[in-house]
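Just so we're aligned: the sequence shown equals residues 3 to 590 in the numbering used here.
Even glycine gets a Cβ: it sits at the ideal position worked out from N, Cα and C.
Model, not experiment: these values are computed from the prediction.
Everything on this sheet refers to the single structure shown next.
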Amino acid sequence: MKVLFVNPSCLDPRVTDPDALQVPIGLYYLATGLLDQGWISGILNLAPAGPANASAKGSPKKALNLFTQSIMQEKPDIIGFSVTSPTRINAMACADKARQILPDSLIVFGGPGATFMADFLFGACPALDVIVKGEGEFSTGKLVHAAKKAKDRFGTIHQTQAIRKELAQDLDRIPGIVFRKGLNIHDTGQSELVKDLDTLSHPSRYFTYQHLSMSRGCPGRCTFCGSPKFWGTSLVRRHSPQWLFEEIKALVQKGVTHFFISDDTFTMDSDAVRQLCQKIINADLGITWNAISRVDYIDESVLGLMRRAGCIQISFGIESGAEAIKKILGKPIDNDTCVAAFDKVRAAGILPRAYFIYGSPGETDATIQESIDLMGRLGPLSTVFYMLVTFPGTALYNRALQKGWTHDGVWQKNIEDLPWWELDPDMDFEQVKRWGDRLRQAFFSNLEEFVNRITRHPDKTSASLHADFLSRLAMTFSHGEYARDNRVRNAEQIAENLFEKALQSYPCARAFQGLAMIQQKQKNFPKAMALLDKGLSHFPENKDLCVCMGVCLMNTGDFHNALTYFTPFAHDPALGQYIKICKQKTRL
């Protein structure tokens, strides 16, 4: 039995959420479970192929063409799509194409979009056979077994474009699915949950990826989020620290050095975080990672361990500075708690990132000002501002349905989601856009002051980590996202100040390199080389410093000495052109 899992393309281009281009971790778990049972299972990621919306720039057919080529080559028996609201259009187009090319294939949708939009999807997509609701390991395994049983017995899964009666009888006994049963749609009820996540096999046995999760579920009740309803329980289940550590270690052995831990509230279980971090530190894995959490689950004693274990950023959903708005959004956390969390994270040498939402029910100029005031107190070093959108599975969407402001038929349109302002009669786009502009302007106008709030940690044992933190942040101003954003004033000067503060704290290769590159840009090669000489006295085999020195020497015409800095790294194809030029020049 051959099973192909597909991550469809989003409808619109990604602007602030590049994670949408990655394969959902759930598909890795599902594929691993089937591979362990001997089924031939693979994953096709269509997300990087570009937007599926014909009105967007790029090729709207690219993802569909890639999918068509893949199924013609692989001829899978079962095709399972991970569906969200933004990917449903491409998923349905691919399903229709699969039905044309492989009429006997079983087409399955799963994920939050499928879980919350079952009625719509079955009506809009005639090719769809089955939806797996919520957590899918048990349901998917039983579904594949039932399909194999039918194919082994009858040679087909379908009979005249409909699921065989015998297969339907078996599907009826699988909890957690919705399927076409004759002319009707049949729901088998609540899915079966994995009680002990450690009983799941390690996806790293078969796949390489960066996104990880230690837990499933969230203790929150945010009205704009579908997480509680998707998992079907308020219980948060976790892998043991040992399980996740083994997963990280296996991926490090495959060459992965940076991870995104996507738990809704990673620091909720402080003991588990401590154990995981200590294992990473003891193994000296040399990794970095980002996490997501809530400001009311921050333990100062854990932050130091997280930093030593490689954590460089924690993102928090602040949402709003207005208590009334936070109550409506289901996140009534007081502002003082938010400020305290940001102060602790920044002091630990971890970049605190804030998510803000605007355009919420009851939003006004005054509540936006409260968010700006809170932002000023927080001093975030990175922010993401989201216009409030709603989609099936959330309390806000249900509220809009009850008020008659929308209906499920709206998903027939080429839209990824529903901005709240389109539903709320008291709002309009220009007003909401103006709020977003005010928030962004406030952040960028005060960013330099936020950076200047960073103080040296009094613990001298953390000096090297503090220097690392400062130099990483500096790079975002000299060569990263802030360097490319014209809303950031004095970016290069901010970077230079941060690099210098890093070196005042501890010798740091990245800081030496960053300062030298600023001098390179200003054509001050003697000063750049003096900085690099000092850096190489601390880090004589550092590739980045050597390459930077080689480039400086080339610019001064000293190709012979430049070659001596490039040669130890001749295996790097990126240096091939430099080495070639130096050799040509030294022969003249």
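TODO: Report the partner residues of residue 260 according to the DSSP bridge assignment.
DONE: Along the sequence shown, one-based indexing puts residue 260 at 258. DSSP output for residue 260 lists 290 as bridge partner(s).
Open item on the list: Run through the DSSP bridge pairs and tell me what residue 321 is partnered with.
Closed with: As a first step, residue 321 must be located in the sequence shown, where it is residue number 319. Answer by DSSP bridge pairing, in chain order: 358.
Task: CB contact flag (residue 118, residue 228, <8 Å) - done: As a working note, residue 118 is residue 116 in the sequence shown. As a working note, residue 228 is residue 226 in the sequence shown. Closer than 8 Å, so yes.
Open item on the list: On the DSSP letters alone, give me the boundaries of the beta strand (DSSP E) that residue 63 sits inside.
Closed with: Residue 63 sits at position 61 when you count from the first residue of the sequence shown. Premise fails: residue 63 is in no beta strand (DSSP E) and is neither H nor E.
TODO: Pull up the CB-CB distance for residue 537 and residue 514, whole angstroms please, since I reckon it's below 8 Å.
DONE: The residue given as residue 537 occupies position 535 in the sequence shown. The residue given as residue 514 occupies position 512 in the sequence shown. Confirmed, Cβ separation roughly 3 Å.
Task: Close beta carbons around residue 496, own chain, < 7 Å, minus the five adjacent residues each side - done: As a working mapping, residue 496 is identified with position 494 in the sequence shown. The residues are 450, 453, 479.
Open item on the list: Between which residues of its own chain and residue 305 is the CB-CB distance below 7 Å, once the five residues before and five after are set aside?
Closed with: Taking the first residue of the sequence shown as position 1, residue 305 is located at position 303. So the qualifying residues of the chain are 346, 347, 350, 352.
Task: Backbone secondary structure at residue 206 - three-state DSSP - done: Locating residue 206 in the sequence shown gives position 204, where the first residue counts as 1. Of the three classes helix, strand and coil, the one that applies to residue 206 here is helix, per DSSP.
Task: C-beta atoms of residue 565 and residue 584 nearer than 8 Å - done: Mapped onto the sequence shown, residue 565 falls at position 563. Mapped onto the sequence shown, residue 584 falls at position 582. Going by C-beta atoms, residue 565 is nearer than 8 Å to residue 584.
Task: Cβ-Cβ separation, residue 262 to residue 194 (assumed contact under 8 Å), whole Å - done: Within the sequence shown, the letter at position 192 stands for residue 194. Within the sequence shown, the letter at position 260 stands for residue 262. Actually they are not in contact, since the Cβ atoms of residue 194 and residue 262 sit about 28 Å apart, beyond 8 Å.
TODO: Can you say whether residue 153 is buried or exposed, counting buried as having 16 or more other CB atoms within 10 angstroms of its CB?
DONE: Along the sequence shown, read from residue 1 onward, the residue named residue 153 stands at position 151. Buried is the call here.
TODO: Identify whether residue 176 lies in helix, strand or coil by the three-state DSSP scheme.
DONE: Indexing the sequence shown from 1 puts residue 176 at position 174. Coil at residue 176, not helix or strand.
Task: Contacting residues, own chain, Cβ-Cβ under 8 Å from residue 235 (five flanking each side not counted) - done: The sequence position of residue 235 within the sequence shown is 233, counting from 1. 195, 219.
Task: Which listed residue (544, 471, 403) has its alpha carbon closest to that of residue 569 - done: For the purposes of this step, residue 569 is taken as the residue at position 567 of the sequence shown. Nearest option by C-alpha distance: 544.
Task: Cβ-Cβ distance between residue 114 and residue 22 below 8 Å - done: Residue mapping note: residue 114 aligns to position 112 of the sequence shown, counting from 1. Residue mapping note: residue 22 aligns to position 20 of the sequence shown, counting from 1. Taking 8 Å as the Cβ cut-off, residue 114 and residue 22 do not qualify as a contacting pair.
- [ ] Alpha carbon to alpha carbon, how far is residue 271 from residue 375? Give it in angstroms, no decimals.
- [x] Taking the sequence shown and counting its residues from 1, one reaches residue 375 at position 373. Taking the sequence shown and counting its residues from 1, one reaches residue 271 at position 269. When rounded, the distance between both Cα atoms is 31 Å.
Open item on the list: Pairs of beta-carbons, one from the region 467-487 and one from the region 406-418, closer than 8 Å: are there three or more?
Closed with: no
- [ ] Using the DSSP secondary-structure output, state which residues sit across from residue 6 in a beta bridge.
- [x] Translated into the one-based positions of the sequence shown, residue 6 becomes position 4. DSSP output for residue 6 lists 44, 81 as bridge partner(s).
Task: Range covered by the alpha helix (DSSP H) that runs through residue 275 - done: In the sequence shown, residue 275 corresponds to position 273, counting from 1. Element bounds for residue 275: 272-285.
- [ ] Output yes or no for whether 8 Å exceeds the beta carbon distance between residue 512 and residue 477.
- [x] Start at 1 with the first residue of the sequence shown, and residue 512 comes out as number 510. Start at 1 with the first residue of the sequence shown, and residue 477 comes out as number 475. Result yes, Cβ atoms of residue 512 and residue 477 sit closer than 8 Å.
Task: Beta carbon of residue 338 nearer than 8 Å to that of residue 294 - done: Indexing the sequence shown from 1 puts residue 338 at position 336. Indexing the sequence shown from 1 puts residue 294 at position 292. No, they are not a contact pair.
Task: Local conformation of residue 421 per DSSP, three classes - done: In the sequence shown, the residue the question calls residue 421 occupies position 419. Residue state, collapsed to three classes: strand.
Open item on the list: Does residue 100 pass the burial test, meaning 16 or more other C-beta atoms within 10 Å, or should it be called exposed?
Closed with: Walking along the sequence shown from the start, residue 100 turns up at place 98. So residue 100 ends up on the buried side.
Task: Limits of the alpha helix (DSSP H) - the one that residue 631 falls within - done: Nothing can be reported for residue 631, as the shown portion of the chain is limited to 3 through 590.
TODO: Let me know if residue 516 comes out buried or exposed under the rule of 16 or more other beta-carbons within 10 Å of its beta-carbon.
DONE: To locate residue 516, count along the sequence shown from 1; it is residue 514. It is buried - the Cβ of residue 516 has at least 16 other Cβ atoms within 10 Å.
Open item on the list: Taking 8 Å as the limit between beta carbons, can you name the residues of its chain near residue 46, skipping five residues before and five after?
Closed with: For the purposes of this step, residue 46 is taken as residue 44 along the sequence shown, with counting starting at 1. Answer for residue 46: 6, 7, 8, 9, 68, 69, 72, listed in chain order.
Task: Close-in-space but distant-in-sequence residues of the same chain around residue 12 (CB under 6 Å, 5 per side omitted) - done: Residue mapping note: residue 12 aligns to position 10 of the sequence shown, counting from 1. Excluding residues within five positions, the ones whose Cβ falls inside 6 Å are 22, 88, 89.
Task: Continuous alpha helix (DSSP H) stretch holding residue 386: start and end - done: Here the question's residue 386 lines up with position 384 in the sequence shown. Where residue 386 is concerned, there is no enclosing alpha helix (DSSP H), although the beta strand (DSSP E) it sits in stretches over 384-389.
Open item on the list: Please state the DSSP three-state secondary structure of residue 161.
Closed with: As a first step, residue 161 is located in the sequence shown; it is residue number 159 there, counting from the start. The answer is strand: DSSP assigns residue 161 an E or B state.
Task: Own chain, CB closer than 6 Å to residue 170, minus 5 neighbours either side, in chain order - done: By 1-based counting over the sequence shown, the position of residue 170 is 168. For residue 170, where only same-chain residues beyond five positions count, the Cβ hits under 6 Å are 183.
Task: Segment limits, alpha helix (DSSP H) that includes residue 516 - done: Taking the sequence shown and counting its residues from 1, the one referred to as residue 516 is at position 514. Note, residue 516: alpha helix (DSSP H), 511-523.
Open item on the list: Are there any heavy atoms of the ligand ADP lying less than 7 Å away from the beta-carbon of residue 119, as far as the coordinates show?
Closed with: Within the structure as shown, the ligand ADP is missing, as the structure has no ligands at all.
Task: Delimiting residues of the alpha helix (DSSP H) encompassing residue 187 - done: Locating residue 187 in the sequence shown gives position 185, where the first residue counts as 1. From DSSP, residue 187 is part of no alpha helix (DSSP H) but of the beta strand (DSSP E) over 186-189.
Task: Span of the alpha helix (DSSP H), counted from its first residue to its last, around residue 431 - done: In the sequence shown, the residue the question calls residue 431 occupies position 429. From DSSP, the alpha helix (DSSP H) with residue 431 extends over 431-454.
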